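Numbering of the sequence shown is given in our numbering, commencing with residue 1370 and proceeding in unit increments. By construction, the Cβ of each residue, glycine as well, lies at the ideal position given by its N, Cα and C atoms. Note that the coordinates shown come from a computational prediction; the quantities given were computed from them, not determined experimentally. Input: a single structure, listed below in structure tokens.
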Amino acid sequence: LSDAEEFLAEDLRNENLSATARDHRDHILRGFQQVKTRYYWDIQPQGGDQAESYLGQDSSDDNQSGTQGPSLTSDASFLPDYQDE
């Protein structure tokens, strides 16, 4: 998520985009901000430094398992059901 956001915000900043492309880029960036605001605890950065500076917390807290959200493997069970469609 952060890589896509960085690409849209930074890498495309100096590109010659049409008005429609700029509108789409801005709309997507606003969507990223809304998702990050609503689901902050589920998409917390893995590195820890950004989360610490944002929250002012120490990374030495051993009780971080509750902030990671569900693993991708738990959602993988429904994928084979849709592969034939």
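What three-state label does DSSP hand residue i in the structure shown?
i       : result
Arg1399 : helix
Leu1370 : coil
Arg1382 : coil
Arg1407 : helix
- Query: Contact between the stretch 1402 to 1409 and the stretch 1378 to 1393: three or more CB pairs below 8 Å?
  - Reply: Judged by Cβ distances under 8 Å, the stretch 1402 to 1409 makes no contact with the stretch 1378 to 1393, as fewer than three pairs qualify.
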